[in-house]
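Written below as C-alpha cells is the structure these notes are about.
Chains as they are written, first to last, in my numbering: chain B, 1 to 500; chain H, 501 to 1000.
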C-alpha cells in the first residue's frame, strides 16, 4: 500500500521567524508513532508560502497520511500556539493518491462517489481523490472506500451466481385437489380485492382462514415454547436500519415515510384550495411541502424491536428472550405486475424473535423448525420442503455464501403450487423461513450478556398471505376438501357479502 | 349574480366571407337554452380579427359564460366546419369577472389559487380571474371557487368556537388508586420505550394488558353482535381520500408514503456508496430518488375498506354489513412533544364498521354504545362519561355544527385522568368514540341498496393505547388493585425482561 497526500495547513497568520523545517523534522517521531520502524508516515516535501504550508505526506500501510496530518496539526498547534500565538485555521487536501492491492481482479469498471479516478493494473489499484475537506479526512472515509472497492469487485464475481440452496427435508408428494391459482379464484368470488399496487382488501371469509392459521401458530408453537407478545413500531427510523445493516442496501424496495413540514392548516391551504377547485390532488406541490423521509415502513419486522435492548446488559434469568409481534403490516415495493397475494406490497406477518447464548439460540431454532414440521404435516397436510440457504441478511445485503457448520443461516420452507406446473419444473413458493442470525443483531445494537459471552439471536417470519396461498393452491377453496385438523379449528366460515 | 367573460375563439384560418355576426345572432337560442326567458347567457360584444373572434359573454345565474362559450363553440364548429372547412383550434379567456352575493359578510381578507382579485362590499363579492385555459373553463372550477369563498367565510365565523359538546351520561365518581401519569411510570419500569416521534415499543407486560382489552372487545361486543373480521390495507391511496372527504383537509397530519422511483440497485448505488463511505444516510439525495406520495399511512381506519363495496348494490340479505379490522397501525403526525402513550404518532385501533338501512344503522349504534357501557362499568370499572359531539368527519374537515335529531353524529367516551388534576378542572381523555355517519360513506363511494333506499353507515374506533391510559391512570400498575373481571381475563402477567 502506498499513500500520497498533497495537503495544506492554513495558519492564522504568517510564520515569519519560525523554524518550520526544524519543527517538521521534530514531528517525525509523532508521525511514525505506532508503525513498525521506518514504515510510518513521512513528510516527503514541504513548502511554506506566507501563512500556508504545502505538504506532501506519504506512507505505507501504517500511520496513513489522513491520520498523520491531524497528528501533525496537533503537534504544530502546541508548538506554535504557546510561543508564537499562531493557530491552524484549516486543513485542505488538493489530491490524495492511494495505491493498493485488491483481493481479486475486477471484471469491469468501478465508480464511486468522491473518487476522481479508479484504475487497475491486474490487482494493483490506483485510487485518486481531489479537493478533500476536514470532514472527509477526519471521518476515515478512505479506509471505507478501499473496503468498498473490494466489496464491489466481490459482487462482480458473484453476479449471476444463485444463492446457496441445499435441500434438507422433503415431504411425500400429495395429490392436489385442484390446479388453479387461488388468488384468481378468490378474486373472482370476491373474497379478496386488489387495491393500489400490491395491496389487497381481505373480506370476511379469507380473513377467518388467515386468523385460524395465526391461532394455530399460537396454539402449536408460541404457547408451547413460551413466547410472549410485544408490539414493535411499524415506522422504522434511519437509526434502526443503520444498526441492522439494512441501510447498506434495500433503498429500491422501501416505502418511504415523509412527515409534513408543518401541521399548520394555513401552510396547507393552497393544497386544499386547489383540490377543492380542481378535484385533483396537487401531488407535486405536496412533495414540496413534505420533509425528506425519516425512514420507511416496516420491511424486516424485528429490527425496530432491538432499540428496546440497545446498549443494555441482559440478566441471565431473562435469557433466552422469546418474543413475537403481529401488530401491523410490512411493506415492500415489489417488482411490477400483480402476482396474486403471494407477492404483495403490503403483507401480514407474525414475526418471532429469540435472543440468548449461542447454544440457547441454536436449540430454539431447532425446536421451532420441529414445531413447524408438525403444523405443516399434521394440521395443514402440505406438500413442502426445507432448504438451507444463504442467510437472508446476506441475501438482502447482496452477498452470498453460507456457514458450512450450518449454525448461522436460514432455512427456507417451500410449498409446491400445483397451478404453476410440475413439481420438478416449476418454482416452489417460499412461504416461511427460520434463521439463526448469529451475533449480527446483538453486535449491531450492542446488546450484552451478563457473562460477557457474545449473544446470538434468531428470527422467523410467518407470512400469512403465503401460508394461505400454499394451503389453498393445494387444497382448493372448498372446506370439504380441507384436512380435519384445520377444519376443526376453523369452525364455520362467515357468510360472504352478496352483491346484486 | 353577474358573470362577464372576455374570451377569444381561435379558428384554424381566417373567416373571410363568413357572416359571423349573423351566426352569433343565430346562436342566441343555444346560449339561452335551459334558462328562464331573458336570463340566459348573451354576447355583449364581439370583434373578429383575422382568425380570432374576441367575445364578451355575460349572464346572470343561468347558462353561465364558461358553459355558454362551449355551446357557442359547438354551434359554430358545426356551421363553419361543413360549409367553410374551418375548425376552432382554441378557446382562451383573458378575464372573467363574477359578481355575486355571499351568505355572510367576511371577517377578513380571502385569497385563493387562480383568483386575481377577491373584493367585498358588504355581502357583494367581486371575483376576478385572468388567463384561463380550456381545462379551467371546462372543469367548472368557477362554481367551486364560489362555494369555496362561502366556505372560507363560514370558517372565519366558526373560528374560536369550540366543537359541540353535550353530556349524555356520566358514571359515579370512583376513588382512584393513585394519581400518577401511567406512561411515565411504565417508561420508568421499562414496560414501554419511546422511539422516533411518538412511536413506542410495547414490552411483554403492557402488550398482555392491551391484548386482554382486545379480547374483551371480541368477547363482549364483536361476538355477541356478530361482527366479522376483515383486513383493510394500511397504505391509503389518494382515490380513497378523495371519496372519503379527507382530501379536503388533513394534509398537516399525514405520514406520506413515497415509493422509490426505481427498484434497480444501480439506481441506488450512489446512495449506498455514500452511506458506506460516510456512515450517514444522504436524505436529500434520497428525496430526489423517490416519487411524490401515492397517499399516506392509515389515518382514519375504515375509508380504505370502502372500495370493497364501491359502485356495488348490496343484497338485502347481507345487510346490515358488520365488520371490524385490527390488522395494523394508524399514524398521525401529532403536535410536538411527548405526551406519553395517550397522544402518539403511531397507534393501534380496533375499527368497527356497520352499514345498512338508516334504522339498522341507528339501532346498531345504540346497541354498540350499550355494550361499551357494560364493558366500562362491569369489567374495567372506569370513571367515564359520554358526550354528543360534532361528528368527527365534520371536525376533521374543519366544520362544526351537529344534527339536532341526534341520529347522525358522534358520541365521545371520555375518562377521568386523576394525574391531570381535579375532575372538574382538568381535561378528560377521549378514549373512544362511536359514530353514526349517515349517508356520508355510501354516497361518497356510491354504494347502493337493493331497494334503492339510501344506505347509512357507522363506525367506532377503539384506541387501545387510550384504553390502557384510561384504565391504568385510574387503577395503577399493580394487578392487585385491578377489578376482578379484568384480572380473570388477564391471567398472569408475563415476566419483565431484566437488565443489569
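All C-beta atoms, glycine included, are put in the ideal place defined by N, C-alpha and C.
{"Query": "Sort out for me which residues DSSP pairs residue 839 of chain H with in a bridge.", "Result": "H:841"}
{"Query": "Can you find a CB in chain B that lies within less than 7 Å of the CB of residue 1076 of chain H?", "Result": "Outside the displayed span of chain H (501 to 1000) sits residue 1076 of chain H, for which this structure offers no information."}
{"Query": "Does the Cβ of residue 495 of chain B have 16 or more other Cβ atoms within 10 Å, making it buried, or fewer, making it exposed?", "Result": "exposed"}
{"Query": "Of the residues B:22, B:119, B:51, B:415, which one's Cα is nearest the Cα of residue 173 of chain B?", "Result": "B:415"}
{"Query": "Determine which residues share a DSSP beta bridge with residue 626 of chain H and list them.", "Result": "H:599, H:619"}
{"Query": "Taking a Cβ distance cut-off of 8 Å, strictly less, list which residues of the segment 424 to 445 of chain B are near chain H, in chain order.", "Result": "none"}
{"Query": "Rounded to whole angstroms, what's the CA-CA distance from residue 451 of chain B to residue 830 of chain H? Just pull it up for me.", "Result": "41 Å"}
{"Query": "If contact is defined by three or more beta carbon pairs under 8 Å, each pair taking one atom from either stretch, is the segment 637 to 647 of chain H in contact with the segment 859 to 875 of chain H?", "Result": "no"}
{"Query": "Mind checking the segment 746 to 763 of chain H against chain B and listing, in chain order, the residues whose C-beta falls within less than 7 Å of any C-beta there?", "Result": "747, 748, 749, 751, 752, 753, 754, 755, 756, 757, 758, 759, 760, 762, 763"}
{"Query": "Report the neighbours of residue 999 of chain H on chain B: residues whose CB is nearer than 9 Å to its CB, in chain order.", "Result": "309, 312, 313, 314, 315, 318"}
{"Query": "Of all the beta strand (DSSP E) runs that stay within the bounds of the segment 690 to 776 of chain H, which reach a length of 3 or more residues?", "Result": "692 to 695, 699 to 702, 735 to 737, 756 to 758"}
{"Query": "From H:963, H:590, H:982, H:1000, pick the residue whose C-alpha is nearest to that of residue 554 of chain H; which is it?", "Result": "H:590"}
{"Query": "With which residues is residue 353 of chain B paired in a DSSP beta bridge?", "Result": "B:323, B:459"}
{"Query": "Since residue 695 of chain H contacts residue 307 of chain B with CB under 8 Å, what's their CB separation in whole angstroms?", "Result": "6 Å"}
{"Query": "Whose C-alpha, out of H:953, H:514, H:734, H:768, is nearest the C-alpha of residue 798 of chain H?", "Result": "H:734"}
{"Query": "Taking the beta strand (DSSP E) that residue 384 of chain B belongs to, which residues open and close that run?", "Result": "384 to 389"}
{"Query": "In terms of residue numbering, what span does the beta strand (DSSP E) encompassing residue 431 of chain B cover?", "Result": "429 to 436"}
{"Query": "Residues of chain H with a CB under 9 Å from the CB of residue 235 of chain B: which are they?", "Result": "695, 696, 697, 699, 755, 797, 829, 831, 845, 846"}
{"Query": "Please list the partners that residue 321 of chain B has in chain C, where partner means a Cβ-to-Cβ separation under 8 Å.", "Result": "Here the protein chains are B and H, and chain C is not one of them."}
{"Query": "According to a CB-to-CB cut-off of less than 8 Å, which residues of the segment 262 to 283 of chain B neighbour chain H?", "Result": "262, 263, 264, 265, 267, 268, 270, 271, 272, 273, 274, 275, 276, 277, 278, 279, 281, 283"}
{"Query": "Using only the alpha-carbon positions, how far apart do residue 413 of chain B and residue 431 of chain B sit?", "Result": "6 Å"}
{"Query": "By the three-class DSSP mapping on this structure, what secondary structure does residue 594 of chain H have?", "Result": "strand"}
{"Query": "Using a 10 Å radius around the Cβ and a threshold of 16 neighbouring Cβ atoms, would you call residue 215 of chain B buried or exposed?", "Result": "exposed"}
{"Query": "Along the chain, which unbroken stretches of the beta strand (DSSP E) at least 3 residues long are found entirely within the segment 537 to 599 of chain H?", "Result": "542 to 549, 552 to 559"}
{"Query": "Pull up the distance between the alpha-carbon of residue 166 of chain B and that of residue 42 of chain B, whole angstroms please.", "Result": "53 Å"}
{"Query": "Return helix, strand or coil for residue 795 of chain H, following the three-state DSSP convention.", "Result": "strand"}
{"Query": "Take residue 188 of chain B as the anchor and find which of B:419, B:74, B:377, B:477 has the nearest alpha-carbon.", "Result": "B:477"}
{"Query": "Does the segment 19 to 36 of chain B touch the segment 107 to 116 of chain B, meaning 3 or more C-beta pairs lie closer than 8 Å?", "Result": "no"}
{"Query": "Excluding the 5 residues preceding and the 5 following residue 151 of chain B in the sequence, name in chain order all residues of the same chain whose CB lies nearer than 6 Å to its CB.", "Result": "none"}
{"Query": "How would you label residue 169 of chain B, buried or exposed, when you count the other beta carbons within 10 angstroms and need 16 or more for buried?", "Result": "exposed"}
{"Query": "State the DSSP-derived secondary structure class of residue 164 of chain B, mapped to helix, strand or coil.", "Result": "coil"}
{"Query": "How big is the Cα-Cα spacing for residue 33 of chain B and residue 139 of chain B?", "Result": "20 Å"}
{"Query": "DSSP three-state call for residue 346 of chain B: helix, strand or coil?", "Result": "strand"}
{"Query": "Within this structure, are the beta carbons of residue 311 of chain B and residue 446 of chain B separated by less than 7 Å?", "Result": "yes"}
{"Query": "Please classify residue 515 of chain B: is it buried, with 16 or more other beta-carbons within 10 angstroms of its beta-carbon, or exposed?", "Result": "Any answer about residue 515 of chain B is impossible in this case: the structure gives chain B only from 1 up to 500."}
{"Query": "Give the residues from the segment 139 to 154 of chain B that approach chain H closer than 7 Å (Cβ to any Cβ), ordered along the chain.", "Result": "139, 141, 144, 145, 148"}
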